[in-house]
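Undergrad: Chains as they are written, first to last, in our numbering: chain A, 119 to 454; chain B, 119 to 454.
Yeah, the Cβ is synthetic: ideal placement off N, Cα and C, and Gly gets one too.
Note that this is a predicted model, so its numbers are computed, not measured.
Input: one structure, supplied below.
2 protein chains.
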Amino acid sequence: MVTLKDISESCKVSVATVSKALNGQSDVGEETSRRIRKVASDLGYFPNASARALKTNRSHSIGVLFEDKTGTGLKHEYFSEILDSLKVATESRGYDITFISNSIGRNQMSYTGHARYRRFDGVIIASVDFKNPQVLELVDSGIPLVVLDYVFDSKTAVISDNVSGMEELTEYIISKGHKKIAFIHGEDTTVTQKRLASFIKTCSKHEIPILQDYIKQAVYHDPKSSGLATRELLALTDKPTCIIYPDDFSYIGGMNEIEKHGFIVPKDISVAGYDGILLSKVLRPKLTTFEQNAEEIGRIAATKLIENIENPKTYIPETVSVKGHLIEGESVKALS
Amino acid sequence: MVTLKDISESCKVSVATVSKALNGQSDVGEETSRRIRKVASDLGYFPNASARALKTNRSHSIGVLFEDKTGTGLKHEYFSEILDSLKVATESRGYDITFISNSIGRNQMSYTGHARYRRFDGVIIASVDFKNPQVLELVDSGIPLVVLDYVFDSKTAVISDNVSGMEELTEYIISKGHKKIAFIHGEDTTVTQKRLASFIKTCSKHEIPILQDYIKQAVYHDPKSSGLATRELLALTDKPTCIIYPDDFSYIGGMNEIEKHGFIVPKDISVAGYDGILLSKVLRPKLTTFEQNAEEIGRIAATKLIENIENPKTYIPETVSVKGHLIEGESVKALS
DNA sequence: GAGATTTACGAAAACGATTACGAATTAGAA
DNA sequence: TTCTAATTCGTAATCGTTTTCGTAAATCTC
């Protein structure tokens, strides 16, 4: 490995000068700087990230915590898209991404321990159990961080705007003349609560009654449980004319059940999803859904975090909510 | 941040002794060692990964290159599953995972440059354009590496056994009495070639003629192009009785087309996928497919890489092929 | 042309750990 | 008791950078 010393010897200057030239410091001569850069590239020099981190106390790497109990974390398109967007946004600013875990080597380590061990400049937390003590410890650790889809007091949060999203989706369905709208929601989380509240509020606004029978609990990303809920809804004497699913993938369970009953979407019953994953765009009839802007969420999270890292004094935490947009498919029929 | 020095002062011993005690070296007294470890944990000590890496020349971190032209890399369930399995396997042995890119900071950097800059102990390459000069440079860089689903000379490779996989799937379909089997394949890659060859070989073995009209080219993970191919197949006067799709997700395109024709799976036509993603398990009828063992692929890749890293002298590269298994759904009908 | 200022460069300390080597102490052997 | 060997611990060098501060030369000011 070629080091600053090698360059300095080859250029007959000190390592200090080489360092400064390569970092674009001002106090080094035009001509000298050019010569040094030339030699550096000829020799194939790369700075040693460890040495640099040791000296500057900045690792230029960011830890991401992406885990949940079910282990579906990365498999979920929403999250893999966020991760991808985080990746490009951070890399373009010179930061690398490393996963945080709680098992580094034989000796278990807390998330915070891991983050300190690797000297992460900042941390992004997503898709976790936000009540987990280890997560709370990390949140309180003082390390600059951004939380996704959850709000901690005086910490930066980037959240998908579920309130306006569900409102827009519900408005659309109502505008199509539906008055008997069923709502299948996921487990009880902040996200779920916001969506449900928004659904109810929008219905009330249009004086559409909320039937208890039309509100069903299921599990996110689990077609089986949504299928079950669908079956119950279809067994009702007064069936809904439209069903909103917790997410696009869950709709598959509903779809199976609907077909089993011999119904056709949207002729006999209308449906809507949430997320706007790839699948929703290729199903026929095309699914009406609300697409979350995962790309933007990742990008903003990265930007905010780096802002925080680079201006620790002046940075003030905020909660950014990212709007998505309605995708009008063909799964919601206009009622006469 | 608490350092070895803090501990050494608090314990009235030298930093050398502290270091040795914490690393379990033999030449430190039983009682001293205990005292040091106690103080270390009381003070909340964490080793400084940068300092350690600088001194030992081992970063305990592994770079993964996960990129393709289409940018669907991470979105593909097969890859996100591999990534996840890599993650747990490496972390349990004390290695962290960082993504490799070619843009670190403002100055573009080659993959190799990035890997050297971060002092990755090893690298895992997957889902890339294997003809890309930058990738080839990385492969020849001398850094310990494992390649996924592609074989480079005298480099360790872990590949999904597409030959036996497609053979098993085809055998199954034939065993159900099918003789008119259409095969839609993806772009021309090694993987495609192997699957196609295996399909043809298995058919020949059973003296089933290979009609040129039954072999269609499409694009992986693209329901639209598979839908098109399906349409052509259904327009044939002598229609196939079964269609094999490039992957499970692509089948959605075929499914739409089949339904549009008023056909029902598997009554009127049989279908099979490849991959065994979540979706294939929740569709009704359940899709018959061949599930690749992504978890095992990731785990073995991690194990081999770490073996290579830790025994650079004795390690010999090899190609490991990982078998998957047939998932018998209900999408292939038994012909009388 | 003397003093003040700017410019270009180098010497050296420091970041936090690891490790070869030597020294001191203790235990064991004869 | 004396010599050897084992055990335990410390000294100091080192990894590759960055950065402060000092100094010498060059430039400017009047």
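Check whether the segment 147-158 of chain A touches the segment 137-154 of chain B, counting contact only when three or more Cβ pairs, one atom from each stretch, lie closer than 8 Å.
TA: no
Undergrad: If you draw a straight line from the C-alpha of GLU209 (chain B) to the C-alpha of LEU201 (chain B), how long is it?
TA: Each residue's Cα considered, the two are about 12 Å apart.
Undergrad: In chain order, what are the residue ranges of uninterrupted beta strand (DSSP E) at least 3 long that sit wholly in the segment 214-244 of chain A?
TA: 214-217 and 240-244
Undergrad: Could you tell me whether the Cβ of GLU448 (chain A) comes closer than 8 Å to any Cβ of chain B?
TA: no
Undergrad: Could you name the residues of chain A that ASN411 (chain B) contacts, counting a contact when the two beta carbons are closer than 8 Å?
TA: Chain A residues near ASN411 (chain B): none, gap ~15 Å exceeds 8 Å.
Undergrad: With distances taken between CB atoms, is the gap from THR437 (chain B) to VAL206 (chain B) smaller than 8 Å?
TA: no
Undergrad: Would you mind telling me which residues of chain A sit closer than 9 Å to ASP247 (chain B), beta carbon to beta carbon, in chain order?
TA: Per Cβ cutoff of 9 Å: no residues; ASP247 (chain B) is ~17 Å from chain A at best.
Undergrad: Quick one: list the residues of chain B neighbouring PRO251 (chain A), beta-carbon separation under 7 Å, in chain order.
TA: Under the 7 Å cutoff, chain B gives no residues; its nearest Cβ is about 16 Å from PRO251 (chain A).
Undergrad: Locate the alpha helix (DSSP H) running through THR288 (chain B), then write down its first and last residues.
TA: Its alpha helix (DSSP H) spans residues 280-293.
Undergrad: Give me the chain B residues within the contact set of PRO341 (chain A), using Cβ-Cβ distance strictly less than 8 Å, ordered along the chain.
TA: VAL400
Undergrad: Please confirm if ASP279 (chain B) has its CB atom under 8 Å from at least one CB of chain A.
TA: no
Undergrad: Which whole-angstrom value describes the C-beta separation of VAL193 (chain A) and GLU195 (chain B), a residue pair presumed to lie in contact below a C-beta threshold of 8 Å?
TA: The sequence given here has Lys at residue 193 (chain A), not Val. About 6 Å; that satisfies the 8 Å criterion.
Undergrad: Examine chain A for any beta-carbon lying closer than 8 Å to the beta-carbon of LYS385 (chain B), and answer yes or no.
TA: no
Undergrad: If the cut is a Cβ gap below 8 Å, which residues of chain A does GLY240 (chain B) touch?
TA: Going along chain A, no residue has its Cβ under 8 Å from GLY240 (chain B), so there is no contact; the nearest lies around 15 Å.
Undergrad: Checking contacts by CB at 8 Å: is ASN429 (chain A) closer than that to chain B?
TA: For ASN429 (chain A), the answer is no, since every Cβ of chain B falls outside 8 Å of its Cβ.
Undergrad: Looking only at its chain, what residues have a beta carbon closer than 6 Å to the beta carbon of SER439 (chain A), apart from the 5 residues adjacent to it on each side?
TA: Within its own chain, the residues whose Cβ lies closer than 6 Å to the Cβ of SER439 (chain A), once the five positions on either side in sequence are excluded, are ILE277 and ASP279, listed in chain order.
Undergrad: Mind listing the chain B neighbours of GLU425 (chain A)? Cutoff is C-beta to C-beta under 7 Å, in chain order.
TA: Going along chain B, no residue has its Cβ under 7 Å from GLU425 (chain A), so there is no contact; the nearest lies around 16 Å.
Undergrad: Have a look at B:ARG237, B:ASN220 and B:GLU448 and flag the residue whose alpha-carbon is nearest the alpha-carbon of TYR229 (chain B).
TA: When only C-alpha atoms are compared, the closest one is B:ASN220.
Undergrad: Under a three-way DSSP split, which group does GLN410 (chain A) fall into?
TA: coil
Undergrad: Give the DSSP bridge partners of ILE180 (chain A), in chain order.
TA: A:ILE215 and A:GLY240
Undergrad: Just grab the DSSP bridge partners of GLN335 (chain A) for me.
TA: The partner list for GLN335 (chain A) (beta bridge, DSSP) reads A:HIS303.
Undergrad: Kindly list the residues whose CB is nearer than 7 Å to the CB of GLY304 (chain A), restricted to its own chain and excluding five residues on each side of it in sequence; keep chain order.
TA: THR310, ALA336, VAL337, TYR338 and PRO364
Undergrad: Which bits of chain A does LYS193 (chain B) rub up against, with CB to CB less than 8 Å?
TA: Ordered by position in chain A, the residues that pass the 8 Å Cβ test against LYS193 (chain B) are GLU195, SER198, GLU199, ASP202 and LEU396.
Undergrad: Does the distance from the C-beta atom of LEU334 (chain B) to that of ILE302 (chain B) stay below 8 Å?
TA: Checking the sequence, you will find Lys at residue 334 (chain B) rather than Leu. Their beta carbons are under 8 Å apart, which means LYS334 (chain B) touches ILE302 (chain B) by this criterion.
Undergrad: Beta-carbon of GLY371 (chain B) versus every beta-carbon of chain A: anything under 8 Å?
TA: yes
Undergrad: Using 8 Å as the threshold, is the C-beta distance between ASP239 (chain A) and SER177 (chain A) below it?
TA: Contact flag set, yes.
Undergrad: Quick one: is PHE217 (chain B) near chain A, going by C-beta distance under 8 Å?
TA: yes
Undergrad: Run through chain B and tell me which residues come within less than 8 Å of LEU172 (chain A), C-beta to C-beta.
TA: Think of a sphere of 8 Å around the beta carbon of LEU172 (chain A): the chain B residues whose beta carbon falls inside it are ASN166, SER168, ALA169 and LEU172, in chain order.
Undergrad: Leaving out five residues on either side along the sequence, give the residues of the same chain with a beta carbon under 7 Å from the beta carbon of LYS297 (chain B).
TA: ILE326
Undergrad: For chain B, find out if any of its Cβ atoms is closer than 8 Å to the Cβ of GLU209 (chain A); answer yes or no.
TA: yes
Undergrad: Closer than 6 Å by C-beta to ALA275 (chain B): which residues in its own chain qualify, once you throw out the five before and the five after it? Chain order, please.
TA: VAL265, VAL269 and THR437
Undergrad: Comparing C-alpha positions only, which one of A:LYS441, A:GLY231, A:ALA134 and A:GLU286 sits nearest to ASN411 (chain A)?
TA: When only C-alpha atoms are compared, the closest one is A:LYS441.
Undergrad: Which same chain residues end up closer than 6 Å to ILE424 (chain A) when comparing Cβ atoms and leaving out the 5 residues on each side of it in sequence?
TA: ARG211
Undergrad: Give a yes or no on whether 8 Å exceeds the smallest Cβ distance from ASN374 (chain B) to chain A.
TA: Interface residue, yes.
Undergrad: Just tell me which of A:ILE434, A:ALA420, A:GLY162 and A:ILE292 has its CA closest to the CA of TYR235 (chain B).
TA: A:GLY162
Undergrad: Should ARG417 (chain B) be flagged as near chain A, meaning a C-beta pair shorter than 8 Å?
TA: The beta-carbon of ARG417 (chain B) is placed no less than 8 Å from the nearest beta-carbon of chain A.
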